[in-house]
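Asker: Before we start, here is the structure in question, set down as structure tokens.
There are 2 protein chains.
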Amino acid sequence: MHSVRVAGVGSTQFGKQPERASRDLFAEAGAGALADAGVPHADVEFVAYGNFAGEAVEGQGHAGPLAADALGVDAPATRYEAACASSGVAFREGVRAVRAGDADVVVAGGAERLSHLDTAHTTEALASAADELWEGRAGATFPGVYALMADAYFGEYGGTREDLAHVAVKNHANAMGNPHAQFQREVTVADVLDAPPVADPLGLLDACPITDGASAVVLASEAYVAEHDVDAPVAVTGSGQGGDRLALADRAHLARTPAASAAADAAYADAGVTPADVDVAEVHDCFTIAEVLALEALGFYGHGDAIGAARAGETTRDGRLPVNLSGGLKAKGHPVGATGTSQIAELTALLRGDHHNADAVPDAEVALAHNAGGTVASAVVHVLEVAE
Amino acid sequence: MHSVRVAGVGSTQFGKQPERASRDLFAEAGAGALADAGVPHADVEFVAYGNFAGEAVEGQGHAGPLAADALGVDAPATRYEAACASSGVAFREGVRAVRAGDADVVVAGGAERLSHLDTAHTTEALASAADELWEGRAGATFPGVYALMADAYFGEYGGTREDLAHVAVKNHANAMGNPHAQFQREVTVADVLDAPPVADPLGLLDACPITDGASAVVLASEAYVAEHDVDAPVAVTGSGQGGDRLALADRAHLARTPAASAAADAAYADAGVTPADVDVAEVHDCFTIAEVLALEALGFYGHGDAIGAARAGETTRDGRLPVNLSGGLKAKGHPVGATGTSQIAELTALLRGDHHNADAVPDAEVALAHNAGGTVASAVVHVLEVAE
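Residue numbers (our numbering), protein chains in the order written: chain L, 1 to 388; chain B, 1001 to 1388.
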């Protein structure tokens, strides 16, 4: 098995950019990643591209070759679609291509354009990540299904809206100074509690925004990095994927996300690390409750124990396990198909020391990324480490 | 690298089944493949699922976990989308997962539901495989872009509508007796020439139909097959993928498909075979001209030389290289996301000797599958061989 390095990372500004097609967003992020890596376009042997809603919102499928073309790369390209985990899956399969020896250099990334439609149409497109027959037709939208999960959590383990508000406060604070973040403004617990309700118990500031954007990373084999003297100090040491039934009604437990646990177990085993080894994490906080569920599924906390983590300062920038130093989906933004590789880009910068919050984790050696699709019917977990 | 076997194959009836959701179609094909393999559901470690238009026509994205659930499999699952090459790509990545040692048993397959919409909506959804900004908005549909390719071919190399008609005649003849085929009726050259025009020079009988259906194959490592005494005499020995620019206007040549050539070169090299070694092939004949372009790109003929192949009987069931003994997309049908693994299923049956046309190639040892997306902006080629 070939070892894999992250050789470069790129991201567009996240935010409302309704006039830009997904391809244009990806071209910018991909070019940024290649420039960061110092790897020529001609060396790219595969493009792994994540996009969720292109067919519904841009009338554009078959986006793999389109992404490669926009990037100016003449190589095979595949589109991966796993709802909000689309580029997490693209990254995983890019890693596998390098490990298998099928490619020495892969660009993995993703893009999403959402804000050009009105919110009703965007919400409908996003709802196609849920079970159309058993959830969508019943009127379920994503705030709705995550509200059900939050409600189940409160009922089973306890917790309050104020506990969740601390997650939003933390992630908004972390986004301050992130040049790519959609929001660069702090919010208070009172702001979150007073925000308009979206789906009880979740309010507007419990939810990530609608975002346009793209991200990309350059993956390279250790052999390529050595031969071409590429500065790529971050290695991908663990990769795991888990799956669950799409419809919440089909699940045994609404307040747990076993797909994330399965993905994490596989990634930890692959890397030969445990949750205790992780110094910094980016987790999929599409709603505040989602960060809590993730911290438990990933083994950082027992079930029912993560609800107070942000409030207690354990996951803040000065805590024992800083989580979402990028600002997370909550404040950096959530351009759906771009989120998975955005997390990798942020963690790589943190491990390299060129991140706006790098001073929070100066000695970090092990980082974890958790990217989830839908109500975590898909989950992808990766472990990154500073290479010896 | 772990060697990979095709342990079982399954297919639904191809045809109009507007009342069935994609998930139901896939469940049938997948269950059939597992039964054919004699592999228990619990041993499946990954589901690689191809689907093209689900978001546009069923309001359903995130179809990987949904497909696994429909199949009754508790394993990670990913949806691959490469237009008409979606399940060819899914198969390729399933092969890679086994080769990389990430899974011993993978179900790769695909499904598409199209006939529940009116033809205008279906045509619009299919057009999202082309470049929406530069082709779709100009009114280009798939018959239109393939007509441009046929016209370019005739202009550069010569050929007539009658030459193309022989492709349709051959493939309809081959479908006779295929229990899964949408059409089981022979057509004559006169029928094809007299059919209503669709996009000059292509008529209705130059085009594949709109089809609902699903297909699936079970992939297993050689180690698993040996340990569990699975009867799996067909090995996957070669895999290749190629890409091209989506828009025809961006290409150097309208009468060639270099993505297919790149995929074939990679697959031949991977398998250690040449075009001359291939005994039987399934190629992507979404239009009659597409089969001609494929035969040339795959190295079976020089550029401009394949136009007369069917007419001369070289690719008929009694010819030196029988092509599309299944009936092809033209007559078996083209449920877009299901086509790639349908080709693998047909070739596996031909190599095993349990195909309705197996008597045409009793000594076949090497088979080739060519699956293309859009106007061959994506191409996937696989080589299957009878294992020693």
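Glycine included, C-beta positions come from ideal geometry on N, C-alpha and C. Note that the coordinates shown come from a computational prediction; the quantities given were computed from them, not determined experimentally.
1. Considering only their Cβ atoms, is the gap separating A1310(B) from E1296(B) smaller than 8 Å?
2. Does the contact criterion of 3 or more C-beta pairs under 8 Å hold for the region 143 to 153 of chain L versus the region 40 to 50 of chain L?
3. Going along chain B in order, which residues have a C-beta closer than 9 Å to the C-beta of A56(L)?
4. Using 10 angstroms around the beta-carbon of D1163(B), count the other beta-carbons present and answer buried if the total reaches 16, otherwise exposed.
5. On the CB-based measure, 16 or more other CB atoms within 10 Å of its CB, does M1149(B) come out buried or exposed?
6. Does DSSP put S128(L) in a helix, in a strand, or in coil?
7. Answer with yes or no whether the minimum CB distance from G136(L) to chain B is below 8 Å.
8. With DSSP collapsed to three states, give me the class of P65(L).
9. Could you name each continuous alpha helix (DSSP H) segment of 4 residues or more that falls completely within the region 178 to 252 of chain L, going from the start of the chain to the end?
10. Can you tell which of G30(L), Q343(L) and N171(L) has its C-alpha closest to the C-alpha of F287(L)?
11. For V1366(B), collect the residues of the same chain with a Cβ closer than 7 Å to its Cβ; drop the 5 residues on either side in sequence, then sort them by chain order.
12. If you reduce the DSSP assignment to three classes, tell me which class F26(L) lands in.
13. Check this for me: beta carbons of A1216(B) and A1033(B), under 8 Å apart or not?
14. Would you say G1050(B) lies against chain L (beta-carbon separation less than 8 Å)?
15. Only counting runs of 4 or more residues, tell me where the alpha helix (DSSP H) segments fall wholly within the region 1284 to 1345 of chain B, in order along the chain.
16. I want to see whether chain B comes within less than 8 Å of V89(L), judged by CB atoms only; does it?
17. Output yes if chain L places a C-beta closer than 8 Å to the C-beta of A1195(B); else output no.
18. Quick one: does S128(L) have its CB under 8 Å from some CB of chain B?
19. Against chain B, with Cβ distances strictly below 8 Å, would A21(L) count as a contact?
20. Assuming the contact rule is C-beta atoms closer than 8 Å, T348(L) and V234(L) should be a hit. Round their C-beta distance to whole Å, please.
21. Between the region 1243 to 1263 of chain B and the region 1060 to 1073 of chain B, can you find at least three pairs of beta-carbon atoms closer than 8 Å?
22. Under the three-state reduction of DSSP, which class applies to V167(L): helix, strand or coil?
23. Grab the span of the alpha helix (DSSP H) containing G373(L) for me, first residue to last.
24. Taking CB distances under 8 Å as the criterion, tell me whether Y1080(B) reaches chain L.
25. In chain B, what lies closer than 8 Å to A68(L) by C-beta?
26. Per DSSP, which one or two residues make a beta bridge with A111(L)?
27. Run through chain B and tell me which residues come within less than 8 Å of G373(L), C-beta to C-beta.
28. Please classify D102(L) as buried or exposed, where buried requires at least 16 other C-beta atoms within 10 Å of its C-beta.
29. List the DSSP bridge partners of F1142(B).
30. Three-state secondary structure (DSSP) at H1041(B)?
31. How about E1045(B): is its C-beta nearer than 8 Å to some C-beta of chain L?
32. Given a cut-off of 8 Å on the beta-carbon distance, is the pair L325(L) and A360(L) in contact?
33. For A68(L), count the other beta carbons within 10 Å of its own beta carbon; 16 or more makes it buried, fewer makes it exposed. Which is it?
34. What is the DSSP secondary structure of F1046(B), reduced to helix, strand or coil?
35. In the DSSP assignment, what are the bridge partners of A1082(B)?
36. Return the CA-CA distance between E1156(B) and V1380(B), expressed in angstroms with no decimal places.
Answerer: Straight from the coordinates:
1. As a working note, residue 1296(B) is residue 296 in the second sequence. As a working note, residue 1310(B) is residue 310 in the second sequence. No. Outside cutoff.
2. Taking 8 Å as the limit for Cβ pairs, the verdict is that the region 40 to 50 of chain L does not touch the region 143 to 153 of chain L.
3. In the first sequence, counting from the first residue as 1, residue 56(L) sits at position 56. Correct list: E1055, A1056, G1059 and G1061.
4. Counting from one through the second sequence, the residue named residue 1163(B) turns up at place 163. Classification of D1163(B): buried, given that the 10 Å Cβ count is 16 or more.
5. Here the question's residue 1149(B) lines up with position 149 in the second sequence. Residue burial annotation: M1149(B) is buried, with at least 16 other C-beta atoms found within 10 angstroms of its C-beta.
6. Taking the first residue of the first sequence as position 1, residue 128(L) is located at position 128. Coil at S128(L), not helix or strand.
7. Residue mapping note: residue 136(L) aligns to position 136 of the first sequence, counting from 1. Yes, contact with chain B.
8. The residue you call residue 65(L) lines up with position 65 of the first sequence. In the three-state scheme derived from DSSP, where H, G and I count as helix and E and B as strand, P65(L) is classed as helix.
9. Restricted to the region 178 to 252 of chain L, the alpha helix (DSSP H) segments that are unbroken, complete and at least 4 residues in length are 189 to 194 and 222 to 227, listed in chain order.
10. For the purposes of this step, residue 287(L) is taken as residue 287 along the first sequence, with counting starting at 1. Checked all of G30(L), Q343(L) and N171(L); the closest Cα to F287(L) is N171(L).
11. On the second sequence, position 366 is the one that residue 1366(B) refers to. Taken in chain order, the residues that qualify are V1273, D1277, V1278, D1279, V1383 and E1385.
12. Translated into the one-based positions of the first sequence, residue 26(L) becomes position 26. When secondary structure is reduced to three states using DSSP, F26(L) falls in the helix class.
13. Start at 1 with the first residue of the second sequence, and residue 1216(B) comes out as number 216. Start at 1 with the first residue of the second sequence, and residue 1033(B) comes out as number 33. With respect to A1033(B), A1216(B) sits close: the two C-beta atoms are nearer than 8 Å.
14. Within the second sequence, numbered from 1, the residue matching residue 1050(B) stands at position 50. No, G1050(B) does not count as interfacial toward chain L.
15. Counting only runs of 4 or more, we get 1288 to 1297 and 1328 to 1331.
16. Numbered from 1 along the first sequence, position 89 holds the residue referred to as residue 89(L). Yes - at least one Cβ of chain B is within 8 Å of the one on V89(L).
17. Counted from its first residue, the second sequence places residue 1195(B) at position 195. With 8 Å as the cut-off, A1195(B) does not count as an interface residue toward chain L.
18. Against the first sequence, residue 128(L) aligns to sequence position 128. By the rule that beta-carbons nearer than 8 Å mark a contact, S128(L) touches chain B.
19. Counted from its first residue, the first sequence places residue 21(L) at position 21. Closer than 8 Å to some Cβ of chain B, the Cβ of A21(L) qualifies, so yes.
20. Here residue 348(L) refers to the residue found at position 348 when the first sequence is read from its first residue. Here residue 234(L) refers to the residue found at position 234 when the first sequence is read from its first residue. With a beta-carbon spacing of about 5 Å, T348(L) and V234(L) fall inside the 8 Å limit used to define contacts.
21. Contact between the region 1060 to 1073 of chain B and the region 1243 to 1263 of chain B is absent, because fewer than three Cβ pairs lie under 8 Å.
22. Mapped onto the first sequence, residue 167(L) falls at position 167. Of the three classes helix, strand and coil, the one that applies to V167(L) here is helix, per DSSP.
23. Against the first sequence, residue 373(L) aligns to sequence position 373. From DSSP, G373(L) is part of no alpha helix (DSSP H) but of the beta strand (DSSP E) over V366 to G373.
24. As a position in the second sequence, residue 1080(B) is number 80, starting the count at 1. It does: the Cβ of Y1080(B) has a partner Cβ on chain L nearer than 8 Å.
25. Against the first sequence, residue 68(L) aligns to sequence position 68. Within chain B, G1243 have C-beta atoms less than 8 Å from the C-beta of A68(L), given in sequence order.
26. Residue numbering aside, residue 111(L) sits at position 111 when the first sequence is read from its first letter. By DSSP's assignment, A111(L) forms a beta bridge with A214(L).
27. By 1-based counting over the first sequence, the position of residue 373(L) is 373. Neighbours of G373(L) on chain B, chain order: H1062 and P1065.
28. One-based indexing of the first sequence puts residue 102(L) at position 102. Buried is the label assigned to D102(L), since at least 16 other Cβ atoms lie within 10 Å of its Cβ.
29. Position 142 of the second sequence holds residue 1142(B). According to DSSP, which records beta bridges pairwise, F1142(B) is partnered with nothing at all.
30. As a position in the second sequence, residue 1041(B) is number 41, starting the count at 1. Helix.
31. Indexing the second sequence from 1 puts residue 1045(B) at position 45. So no, E1045(B) is outside the interface.
32. Against the first sequence, residue 325(L) aligns to sequence position 325. Against the first sequence, residue 360(L) aligns to sequence position 360. L325(L) is a Cβ neighbour of A360(L), given a cutoff of 8 Å.
33. Taking the first sequence and counting its residues from 1, one reaches residue 68(L) at position 68. The residue in question, A68(L), is buried, as its Cβ has 16 or more Cβ neighbours within 10 Å.
34. Start at 1 with the first residue of the second sequence, and residue 1046(B) comes out as number 46. Of the three classes helix, strand and coil, the one that applies to F1046(B) here is strand, per DSSP.
35. Sequence index remark: in the second sequence, residue 1082(B) carries index 82 (1-based). C1084(B), per the DSSP bridge assignment.
36. As a first step, residue 1156(B) must be located in the second sequence, where it is residue number 156. As a first step, residue 1380(B) must be located in the second sequence, where it is residue number 380. Spanning the two alpha carbons is a distance of roughly 26 Å.
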